[in-house]
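Peer 1:
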Amino acid sequence: MKIAVFPDCAMIIEHIVNKRGHEVLSATNISEDDLREKDPYDDSDFDRNAPPFNMEGYSVMTGNKYTSSEVPSGVRGRLCLYDNILSNAEATIILGRKTRKAEQMYNTLNNLILFGGGTGCYNTYKIIIKYLRKMHIPSLYLDYPNNRDELIDMIGSINNFLDALDNNEYGQYMNSTDNINCDNKPNSSKISVDVFRDIVDNL
């Protein structure tokens, strides 16, 4: 099954998905195996026909179908790279943003490898997550783990989700108990304007 993972540099999640035999969709079409086989110092097999180097002509305009013309060109340009994911995703795993209370479990390099990476343009991510929600495909939304125990629980949730995909037990749509919004943050409880007005009137 083709699975979209966001953020797309969350290596620990991508490794679990690949290990379970699923395909992680990538904006650059570079798999984990490709990275292992390639010599980082060898440019002889540099492929200019692979994204993003082959984006030309009408292909650079594919991002326009996801947004209006008023959206900055940088956002629409990045959406061109993610068109492959939005068009072909059969399931998705979305990890929330790191919180201030998160413990320093690893050094800076490992933090990047495990959960982070460059987001490019955060507004692009918000649009992508919004469209993935509209697709009503099997989805898993996860809070960012704040400590080692939460990290272990997160890995367990991913494996349970992949088990459901393997056994066709997910139905049309699946969500976790983690309530992540399009900003990749847990939803905060809000009150209506009328309730707020009553509170003020009673002061």
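In short: position in the sequence shown from 1, add 115, done, that's the numbering used here.
Note that beta-carbon positions come from the ideal geometry of N, C-alpha and C, so glycine has one too.
If you're wondering where the values come from, they're calculated on a predicted model, not measured in any experiment.
How many Å lie between A204 and L255 at the Cα?
Peer 2: Within the sequence shown, numbered from 1, the residue matching residue 204 stands at position 89. Within the sequence shown, numbered from 1, the residue matching residue 255 stands at position 140. If you take the alpha carbons of A204 and L255, they lie about 13 angstroms apart.
Peer 1: So the alpha helix (DSSP H) A279 belongs to, where does it begin and stop?
Peer 2: Mapped onto the sequence shown, residue 279 falls at position 164. It spans 263-281 - the alpha helix (DSSP H) in which A279 sits, taken as one unbroken run.
Peer 1: For the putative contact between I267 and T207, defined by C-beta atoms under 8 angstroms, what is the C-beta separation to the nearest angstrom?
Peer 2: For the purposes of this step, residue 267 is taken as residue 152 along the sequence shown, with counting starting at 1. For the purposes of this step, residue 207 is taken as residue 92 along the sequence shown, with counting starting at 1. With 8 angstroms as the limit, I267 and T207 do not qualify as a contact, their Cβ atoms being about 22 angstroms apart.
Peer 1: Taking all protein chains shown into account, do 16 or more other C-beta atoms lie within 10 angstroms of the C-beta of I273, making it buried, or fewer, making it exposed?
Peer 2: Looking up residue 273 in the sequence shown gives position 158. Classification of I273: buried, given that the 10 Å Cβ count is 16 or more.
Peer 1: Report all residues from its chain with a CB closer than 6 angstroms to the CB of I131; omit the five preceding and five following residues, and keep chain order.
Peer 2: On the sequence shown, position 16 is the one that residue 131 refers to. Around I131: I273.
Peer 1: May I ask you to report which of helix, strand or coil DSSP gives K180?
Peer 2: On the sequence shown, position 65 is the one that residue 180 refers to. DSSP places K180 in helix when its eight states are reduced to three.
Peer 1: For V186, which three-state DSSP category applies?
Peer 2: Position 71 of the sequence shown, counting from 1, holds the residue named residue 186. Note: V186 maps to coil in three-state DSSP.
Peer 1: Decide if Q287 is buried, meaning its Cβ has at least 16 other Cβ atoms within 10 Å, or exposed.
Peer 2: For the purposes of this step, residue 287 is identified with residue 172 of the sequence shown, where counting begins at 1. Residue confidence is low: Q287 scores 48 on pLDDT, short of 50, so the model does not pin down where it sits. Its coordinate-derived value is still stated next. Per the 10 Å Cβ criterion, exposed.
Peer 1: Out of G136, V186, R135, D123, which one is the CA nearest neighbour of A142?
Peer 2: Residue 142 sits at position 27 when you count from the first residue of the sequence shown. Of the candidates G136, V186, R135, D123, the one whose C-alpha sits nearest the C-alpha of A142 is D123.
Peer 1: Are the beta-carbon atoms of I242 and F121 separated by less than 8 angstroms?
Peer 2: Counting from one through the sequence shown, the residue named residue 242 turns up at place 127. Counting from one through the sequence shown, the residue named residue 121 turns up at place 6. Their beta carbons are not under 8 angstroms apart, which means I242 does not touch F121 by this criterion.
Peer 1: Look up L255 in the DSSP assignment and give the residues it is bridged to.
Peer 2: Taking the sequence shown and counting its residues from 1, the one referred to as residue 255 is at position 140. According to DSSP, L255 bridges with I208.
Peer 1: Which of helix, strand or coil does DSSP assign to L196?
Peer 2: Numbered from its first residue, the sequence shown carries residue 196 at position 81. Note: L196 maps to helix in three-state DSSP.
Peer 1: Tell me, please, whether the CB atom of M250 is closer than 8 angstroms to any CB atom in chain C?
Peer 2: Here there is only one protein chain, and chain C is not present.
Peer 1: Between E129, N238, L280, which lies nearest to P253 when the distance is taken from Cα to Cα?
Peer 2: Stepping through the sequence shown from its first residue, residue 253 is reached at position 138. That would be L280, whose Cα lies nearest to the Cα of P253.
Peer 1: Can you name the start and end residues of the beta strand (DSSP E) that K245 belongs to?
Peer 2: As a first step, residue 245 is located in the sequence shown; it is residue number 130 there, counting from the start. No beta strand (DSSP E) contains K245, which is instead part of the alpha helix (DSSP H) from 237-249.
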